[in-house]
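*Asks:*
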Amino acid sequence: MLHKLLAIHRASQSRLRYTHFLTILVIYVGLGFHVGVWAVLLADLTNALKLSPALLGIALASQSGSGILLLASGSFLADRFSRRLILLLGPGGLCLYFGALSLVSNYPLLCLVMLIGGLCTSCYDLAANTLGGDYERLYAHKTMTLFHAGFSAGAALGALASALALTLGMNFRSIYLATGIIFALLTVAACCFPLPTLSHKKPMAINQQHKPISSPSTIALLCTPLVALAISLVCLAFFTDGAIEGYSSLYLRNLLGSGALLGGIGIAIFHFTGLLGRLVSTALLRNYGERLVITVSGLCAGTGLLLALSTTNSLLAVSGLLLVGLGQSPVVPTAFSLAAQSGSQQGARAVALVTALGYSVFLISPLLIGTLATFFSLRLALVLTIVTSIGIVLVARKLPPSRRFQAQIIDNDGEDITC
1 MLHKLLAIHR
11 ASQSRLRYTH
21 FLTILVIYVG
31 LGFHVGVWAV
41 LLADLTNALK
51 LSPALLGIAL
61 ASQSGSGILL
71 LASGSFLADR
81 FSRRLILLLG
91 PGGLCLYFGA
101 LSLVSNYPLL
111 CLVMLIGGLC
121 TSCYDLAANT
131 LGGDYERLYA
141 HKTMTLFHAG
151 FSAGAALGAL
161 ASALALTLGM
171 NFRSIYLATG
181 IIFALLTVAA
191 CCFPLPTLSH
201 KKPMAINQQH
211 KPISSPSTIA
221 LLCTPLVALA
231 ISLVCLAFFT
241 DGAIEGYSSL
251 YLRNLLGSGA
261 LLGGIGIAIF
271 HFTGLLGRLV
281 STALLRNYGE
291 RLVITVSGLC
301 AGTGLLLALS
311 TTNSLLAVSG
321 LLLVGLGQSP
331 VVPTAFSLAA
341 QSGSQQGARA
351 VALVTALGYS
361 VFLISPLLIG
371 TLATFFSLRL
381 ALVLTIVTSI
391 GIVLVARKLP
401 PSRRFQAQII
411 DNDGEDITC
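Numbered per the numbering used here, the sequence shown spans residues 1 to 419.
1) Any idea if S174 is buried or exposed, counting beta-carbon neighbours within 10 angstroms, 16 or more meaning buried?
2) Please state if the CB of A317 and the CB of L276 are separated by a distance shorter than 8 Å.
3) Grab me the residues of S365's own chain with a C-beta within less than 6 Å of its C-beta, minus the 5 sequence neighbours each way, in chain order.
4) Given a threshold of 16 other Cβ atoms within 10 Å of its Cβ, counted over all protein chains shown, does A189 qualify as buried or as exposed?
5) Can you tell me which of L380, L384, T355 and G274 puts its alpha carbon nearest to the alpha carbon of A228?
6) So what's N254 in DSSP terms, helix, strand or just coil?
7) Within the same chain, show all residues whose beta-carbon is closer than 7 Å to that of V332, passing over the 5 residues directly before and after it, in chain order.
8) Please determine, among L71, L399 and Q328, the residue with the shortest C-alpha to C-alpha distance to T388.
9) Comparing the CB of L367 with every heavy atom of the ligand COA, is any distance shorter than 7 Å?
10) Can you find the residues in the same chain that come closer than 6 Å, C-beta to C-beta, to S232, ignoring five residues on each side of it along the sequence?
11) Between which two residues does the alpha helix (DSSP H) carrying P194 extend?
12) Using CA atoms only, rank isn't needed, just tell me which of V104, L103, K142 and G358 is closest to S64.
13) Which value, in whole angstroms, describes the spacing of the CA atoms of L146 and T282?
14) Using only CA atoms, which one of L305, L131, L177 and L399 lies nearest to V26?
15) In the structure shown, what three-state DSSP assignment does T311 receive?
16) What does the Cβ neighbour count give for L185, buried or exposed, with the cut at 16 atoms within 10 Å?
17) Would the region 288–308 count as touching the region 373–392 if we require 3 or more Cβ pairs under 8 Å?
18) How many Å lie between A230 and G169 at the Cα?
19) Our contact map puts L321 next to S377 with C-beta atoms below 8 Å; I'd like the distance itself, whole angstroms only.
20) Anyone know if the C-beta pair for T312 and L256 falls short of 8 Å?
21) Quick check: what's the CA-CA separation for R278 versus K142?
22) Look at the Cβ atom of L367, then the Cβ atom of G118, and state whether they are nearer than 8 Å.
23) Helix or strand or just coil, what does DSSP make of N207?
24) Taking only the alpha-carbon atoms, compute the straight-line gap between Q209 and C192 and give it to the nearest angstrom.
25) Go through the region 80–124 residue by residue and report every complete run of the alpha helix (DSSP H) that reaches 4 residues or more, in order.
26) In whole angstroms, what separates the C-alpha of L284 from that of P196?
27) Could you have a look at G169 and say whether DSSP puts it in helix, strand or coil?
28) Whole-angstrom Cβ separation of L41 and Y124, contact assumed at under 8 Å?
29) Mapping DSSP to helix, strand and coil, what is T46?
30) Can you name, in chain order, every residue of its own chain whose Cβ lies under 6 Å from the Cβ of V280, other than the five neighbours on each side?
31) Can you look up Q341 in the DSSP assignment and give me helix, strand or coil?
32) Can you tell me whether F376 is helix, strand or coil according to DSSP?
33) Between D44 and F172, how many whole angstroms is the CB-CB distance? I'm expecting something under 8 Å.
34) Please report the distance separating the alpha-carbon of Y135 from that of E290.
35) Indicate the three-state DSSP secondary structure (helix, strand or coil) for L382 in the structure shown.
36) If we ignore side chains and look at the alpha-carbon of each, how far apart do I269 and T179 end up?
As structure tokens, this is what we get:
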């Protein structure tokens, strides 16, 4: 009888773990979907409002700036308040954000909507990465790369769906509105999502039960080696991501004349190869360690960017984006995994700190790229992304050749749900 009860308990725990995995994966897919739609339609919105690259850069920077402000307080909110509350504010806010984008008719209103969008995106981003870190610590298993693969899948789906809708004659404002409806449905579903929790911890020894746990300061977290390396990797990767998300559609469609479908396919391929790269890199990270994988990633991304920026052929440029997506794929999830497993008592604070500083690059990247594109050319401005890829290679040299995955093991039954 006892054996049967133990078997039932193990089966129940396994189902719960699998449910948690799928829940967080869906959350990441939704986060990526909004990025794909947004990146493809940005060229249409820019052309409709007749914006210069510099004005677009200011609008994008305002969105990132509001996101940074929220993440600065979100680092504490995520550890002190319900994860579900932060999560609901994400897709719920994006529902309103895309609805507002469908009505934007002038530049000042666009900047205001972008400010609101930055807050909503940061809520969603913080919730997703915090829940991903919770899952890793709860089950002592590297899954952040797989979750970010879900993000890439969602982004590819959003980009491809938007490009097809434009090709079929659908107005870009109608696509914004339809996307808002999708996130309204996701918000309703998020109310019922089962979320992992770290509240069920093993009992502490009697002499440790009343020992206060000191909360590390922000400076202390910044000085933690793994957190510092994570910040460096995220900032370098986000610079390239910000440039591609903000200006790749303009580069492909306006400068190279690719058209809406090929331009959307280019962005979709960038994210789809990111999906494949993250699935493959999960095994590579376990076998070869962070240093080798991230070094190769930086070299691959730099090669792709060089190809995309040195040609006037749209197909070759899309091929370059394929290599960039493949190369960039493991960098950010590896960085978040480093931060979440850095040994601090508050993993959510470390993740939020890395995310906030990464978002600061989203503040700088569009301003710098937009200004250089206005005074020189968009092609020349995007050369900076090659420099950041070289930076990733240099930072990777500071990572240990291989690193055992260390996590707080809480009621781990040793089963593996990933495939």
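We put the CB at the ideal spot given by N, CA and C, even for glycine. Remember, predicted model here, so these are calculated numbers, not experimental data.
*Replies:* Once the coordinates are examined:
1) exposed
2) Going by C-beta atoms, L276 is not nearer than 8 Å to A317.
3) F239, G242 and A243
4) exposed
5) T355
6) helix
7) H148, V234 and A237
8) Q328
9) Questions concerning the ligand COA fall outside what the structure shown contains, since it holds no ligand whatsoever.
10) V395
11) Where P194 is concerned, there is no enclosing alpha helix (DSSP H), given that its DSSP letter is neither H nor E.
12) G358
13) 7 Å
14) L131
15) Of the three classes helix, strand and coil, the one that applies to T311 here is coil, per DSSP.
16) exposed
17) yes
18) If I take the Cα positions, the gap works out to 43 Å.
19) In fact, because the Cβ distance is near 19 Å, the residues do not count as touching under 8 Å.
20) Yes, Cβ-Cβ distance for T312 and L256 is below 8 Å.
21) The straight-line gap from Cα to Cα measures roughly 12 Å.
22) Contact: no.
23) With a pLDDT of 43 at N207, under the threshold of 50, the modelled position of that residue is not reliable, and the figure given next carries that caveat. Here N207 sits in helix by DSSP.
24) Interpretation of Q209 is limited by its pLDDT of 44, a score under 50 that renders its predicted location unreliable; no figure is taken from the coordinates.
25) 83–101
26) 26 Å
27) coil
28) No, L41 and Y124 are not in contact; Cβ-Cβ is about 18 Å, not under 8 Å.
29) helix
30) none
31) coil
32) coil
33) 4 Å
34) Between the alpha carbons of Y135 and E290 lies a gap of roughly 20 Å.
35) If DSSP states are grouped into helix, strand and coil, L382 belongs with coil.
36) Distance from the CA of I269 to the CA of T179, rounded to the nearest whole angstrom, comes to 20 Å.
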